[in-house]
Amino acid sequence: MTIPKKGTEWFADDGASHAIYGLIRPQAWHHEGRTYIVYMGKMNAPQITYYDHAQRQWSQIVPAGVNPLGDKDTHGAPAMLIDREGFILLFFGSHGGAQKYVRSKRPGDITEWEPMPDITGSGTYPFPVLMADGTMLLFMRKGWHDSPWFEIRSDDGGLSWSEPKDIASFVPQGIYASFWPGSDGRTVHCTFVHDDLTQTPEWENRRHCFYMMRDVDGRWKSVKGDALDLPVGIETAFGKCLVARTDPPTHGNVGCIGVDQNNRPTIVFLHGEVSKADFTLKCARWTGTGWAIWNITRTDDAFDNYCAIFPDDNDRIRVYLIAGGSDTTTIKRGGDLQLWSSEDGGRTWNKEKDIITRAETSELYANPDAVVHGHPDGRIVFCSWHHGITKNIINGKVILKGYRSDDFTHRVFLFGDSGFLGRA
Numbered sequence: 539m540t541i542p543k544k545g546t547e548w549f550a551d552d553g554a555s556h557a558i559y560g561l562i563r564p565q566a567w568h569h570e571g572r573t574y575i576v577y578m579g580k581m582n583a584p585q586i587t588y589y590d591h592a593q594r595q596w597s598q599i600v601p602a603g604v605n606p607l608g609d610k611d612t613h614g615a616p617a618m619l620i621d622r623e624g625f626i627l628l629f630f631g632s633h634g635g636a637q638k639y640v641r642s643k644r645p646g647d648i649t650e651w652e653p654m655p656d657i658t659g660s661g662t663y664p665f666p667v668l669m670a671d672g673t674m675l676l677f678m679r680k681g682w683h684d685s686p687w688f689e690i691r692s693d694d695g696g697l698s699w700s701e702p703k704d705i706a707s708f709v710p711q712g713i714y715a716s717f718w719p720g721s722d723g724r725t726v727h728c729t730f731v732h733d734d735l736t737q738t739p740e741w742e743n744r745r746h747c748f749y750m751m752r753d754v755d756g757r758w759k760s761v762k763g764d765a766l767d768l769p770v771g772i773e774t775a776f777g778k779c780l781v782a783r784t785d786p787p788t789h790g791n792v793g794c795i796g797v798d799q800n801n802r803p804t805i806v807f808l809h810g811e812v813s814k815a816d817f818t819l820k821c822a823r824w825t826g827t828g829w830a831i832w833n834i835t836r837t838d839d840a841f842d843n844y845c846a847i848f849p850d851d852n853d854r855i856r857v858y859l860i861a862g863g864s865d866t867t868t869i870k871r872g873g874d875l876q877l878w879s880s881e882d883g884g885r886t887w888n889k890e891k892d893i894i895t896r897a898e899t900s901e902l903y904a905n906p907d908a909v910v911h912g913h914p915d916g917r918i919v920f921c922s923w924h925h926g927i928t929k930n931i932i933n934g935k936v937i938l939k940g941y942r943s944d945d946f947t948h949r950v951f952l953f954g955d956s957g958f959l960g961r962a
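For the sequence shown, the working numbering gives the first residue as 539, with consecutive numbering after it.
In structure tokens, the structure reads:
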């Protein structure tokens with residue numbers, strides 16, 4: 539059990555470098571008056587807590603398993619699902635290896651966990667989705683960069699899982715993908731990016747923005763409703779799934795999706811050039827005949843692509859995003875957390891406010907993640923980035939050292955309409 543310092547804006551201060559991991563979602567879920575949050579903590583293991591909104595009180599922080607990657611690799615961050623009975627499922631500990639999985643022994647209870655059999659022999663970046671009928675879906679990459687992305691399903695509360703079904707593959711190239719459940723509880727939205735493995739470093743060669751949707755019958759389709767042959771290959775992606783191109787020398791990163799009550803997707807993705815430390819966060823919406831794309835704001839890091847998107851039926855969109863704050867491309871991640879909004883469906887944007895900034899705190903922040911079924915007072919979770927960063931002076935210049943997989947001093951935050959929900 540961990541008890542962080544009280545009287546702070548954060549609820550935990552022992553997070554790993556990717557305590558909240560942008561590509562592994564969701565990490566927070568509101569259920570029956572509590573916002574449950576799982577984050578990567580000491581030894582990169584899953585740690586879970588909850589905030590009781592009626593009692594206005596945090597629970598203890600409980601370790602829920604052991605990450606086999608230890609303090610050598612931060613890619614095994616946990617993702618969460620809470621089923622209709624209140625059982626909590628956590629998926630963690632894989633980076634091209636076996637997908638670890640634990641289940642709470644009782645509904646709503648975080649104190650005891652039952653280790654479950656490994657779900658897959660090889661996987662990375664789990665994204666679980668609960669459908670309205672109780673079916674569980676799990677999306678992830680099969681192995682390393684050049685591996686397909688696949689889905690598996692469970693019809694018995696996660697006690698057993700189907701064989702993997704590949705849904706997208708650019709082999710010998712790669713894909714990064716992001717998913718979000720439809721507001722109807724019957725569909726799943728996916729945006730993905732081409733990972734060009736012919737160029738190095740690969741994270742500066744992730745290009746183009748694609749979109750597809752899993753329909754109510756489990757079939758994958760384009761935004762126009764065209765059926766897609768699986769796995770979706772690169773030719774099909776360019777022919778039927780393309781949202782926007784980011785050709786060399788520009789590049790981007792995988793986008794994020796939000797949906798309104800009518801199940802219309804809004805995609806936010808990154809477009810820019812790392813050599814100039816200049817990127818634009820863009821908003822894409824389907825008009826019925828094509829993708830309309832507008833600029834939100836500029837940022838300076840290639841990994842400022844993760845955001846939390848809240849569209850509504852009145853063409854209002856709110857986006858919690860990371861922008862600015864960093865004066866170097868060495869880190870490639872982190873900045874100020876800002877809230878931006880559009881009142882006209884994404885055509886024009888206004889910064890509502892800075893939530894928390896480097897200028898105020900001397901910290902960087904990263905990876906805002908929407909809470910599933912979020913309470914108004916607990917809409918997003920996010921983490922600090924490189925808390926306590928080490929500075930070296932080389933040839934008269936300040937060089938910020940890269941993230942460490944054995945650094946467990948990052949802070950984790952829950953934020954909503956009433957501000958921060960720290961440990962009071």
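Don't be surprised by glycine CBs; every beta carbon is placed ideally from N, CA and C.
Note that the structure is predicted; figures quoted are calculated from it, not measured.
Three CB pairs or more closer than 8 Å across the segment 946-956 and the segment 898-915: yes
Beta carbon of P664 nearer than 8 Å to that of M678: yes
Three-pair Cβ contact test at 8 Å for the segment 769-780 versus the segment 793-806: no
Reference K610; option with closest CA among Y589, H556, L766: Cα-wise, what sits closest to K610 is H556.
Beta-bridge partners of G916, as assigned by DSSP: H913
Integer-rounded CB distance, given that W923 should sit under 8 Å from R885: Not confirmed; about 31 Å, so no contact.
Cβ distance (whole Å) where I855 is taken to contact S879 below 8 Å: Yes, I855 and S879 are in contact; Cβ-Cβ is about 7 Å, under 8 Å.
Neighbour-count burial assignment, D671, 16 or more Cβ in a 10 Å radius: exposed
Reduced DSSP category for C728 - H, G, I as helix; E, B as strand; rest coil: Residue state, collapsed to three classes: strand.
Start and end residues, beta strand (DSSP E) containing E890: 888-894
Rounded straight-line distance, which links the Cα of F629 to that of M578: 11 Å
Whole-Å CB distance - K968 paired with W651, under 8 Å assumed: Because the chain is modelled from 539 through 962, residue 968 falls outside the range shown and cannot be assessed.
Residue from A962, D733, F748, Y858 with nearest C-alpha to E742: D733
Simplified DSSP state of T587, which is helix, strand or coil: strand
Residue range of the beta strand (DSSP E) that includes D621: Counting along the chain, D621 falls outside any beta strand (DSSP E), and DSSP gives it neither H nor E.
Any non-hydrogen atom of the ligand COA closer than 7 Å to W699 Cβ: As for the ligand COA, it is missing from this structure, which has no ligand bound.
Where N800 sits in the DSSP three-state scheme: coil
Cβ shell of M581 (< 8 Å), same chain only, five flanking positions each side left out: V604, N605, G608, D609, F946
Closest by C-alpha distance to W832, when choosing among L561, G634, A782: A782
Contact under 8 Å by Cβ, G553 with C921: Yes, they are a contact pair.
Buried/exposed call for W887, threshold 16 Cβ in 10 Å: buried
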